[in-house]
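Asks: Under the numbering used here, the first residue of the sequence shown carries the number 785, and numbering increases by one thereafter. We treat Cβ as the ideally placed atom computed from N, Cα and C, and that holds for glycine. Bear in mind that the values here come from a model prediction, so they are computed numbers and not experimental data.
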Amino acid sequence: QVLWPNRSNRCRCPRLPGVQAMKLCVFFTLLVSQLFIPARPDEALANPLQKSMELLTNLQQQIIKEGEKAQNIYDKFAGWCEDRSRKIRYSIKDFQGQVEDLKAGIEKAGDEA
785 QVLWPNRSNR
795 CRCPRLPGVQ
805 AMKLCVFFTL
815 LVSQLFIPAR
825 PDEALANPLQ
835 KSMELLTNLQ
845 QQIIKEGEKA
855 QNIYDKFAGW
865 CEDRSRKIRY
875 SIKDFQGQVE
885 DLKAGIEKAG
895 DEA
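#1: Using the Cα positions of E838 and Q846, report the straight-line distance between them to the nearest angstrom.
#2: Note the first and the last residue of the continuous alpha helix (DSSP H) segment covering N856.
#3: Whole angstroms are fine: how far does the CA of L833 sit from the CA of F861?
And the structure:
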């Protein structure tokens, strides 16, 4: 039995009006064209190995920049720690001198009394 288009075996999907069908056609055409057209012209010539190397190079540059920022932060923190340590050592020596002076004053006052 040969199936010829007749009323019994025709497509029963609803027909879209002409404008909607055209919009749908244009949408799918644009969608498909975006899938196959590279974003940059030089991407069409790049092979996967070149793309991988480019990605690795960009990642390396990003890591170096982040490392430099971290090193700057560390240097500032280390400088702050050194300054703070120096000030505390000076304060300790100063207070030790004051303790010695006060001890001498107490002994002198005790001898006089």
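Replies: Straight from the coordinates:
#1: Counting from one through the sequence shown, the residue named residue 838 turns up at place 54. Counting from one through the sequence shown, the residue named residue 846 turns up at place 62. Spanning the two alpha carbons is a distance of roughly 12 Å.
#2: Within the sequence shown, numbered from 1, the residue matching residue 856 stands at position 72. It spans P832 to E896 - the alpha helix (DSSP H) in which N856 sits, taken as one unbroken run.
#3: Within the sequence shown, residue 861 is the residue found at index 77, counting from 1. Within the sequence shown, residue 833 is the residue found at index 49, counting from 1. F861 and L833: Cα-Cα distance of roughly 42 Å.
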